[in-house]
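The block underneath contains the structure these notes are about, expressed in structure tokens.
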Amino acid sequence: MGHLLFVISPSVSSASSFFVVFKSAIKQIYTSFIKILLTNP
Numbered sequence: 914m915g916h917l918l919f920v921i922s923p924s925v926s927s928a929s930s931f932f933v934v935f936k937s938a939i940k941q942i943y944t945s946f947i948k949i950l951l952t953n954p
């Protein structure tokens with residue numbers, strides 16, 4: 914994982930866009946996980 918970061922770091926724009934996509938994906942997974950917990954007590 915650290916090796917991949919060294920490849921991405923030269924292009925800051927692609928790294929920041931990747932971070933935004935990663936953050937939105939985590940938020941989607943988190944909300945769906947909460948929905949599953951609410952529907953299945």
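All residue numbers for the sequence shown refer to our numbering, where the first residue is 914 and numbers rise by one. Here a beta-carbon is modelled for each residue, glycine too, at the ideal position from N, C-alpha and C. For clarity, every value in this text was computed on a predicted model and none was experimentally measured.
- Rounded to the nearest whole angstrom, the CA to CA distance from residue 943 to residue 935 is 12 Å.
- Shown here for residue 937: not one same chain residue has a beta carbon closer than 6 Å to its own, the five before and five after excluded.
- The alpha-carbon separation between residue 929 and residue 939 amounts to approximately 15 Å.
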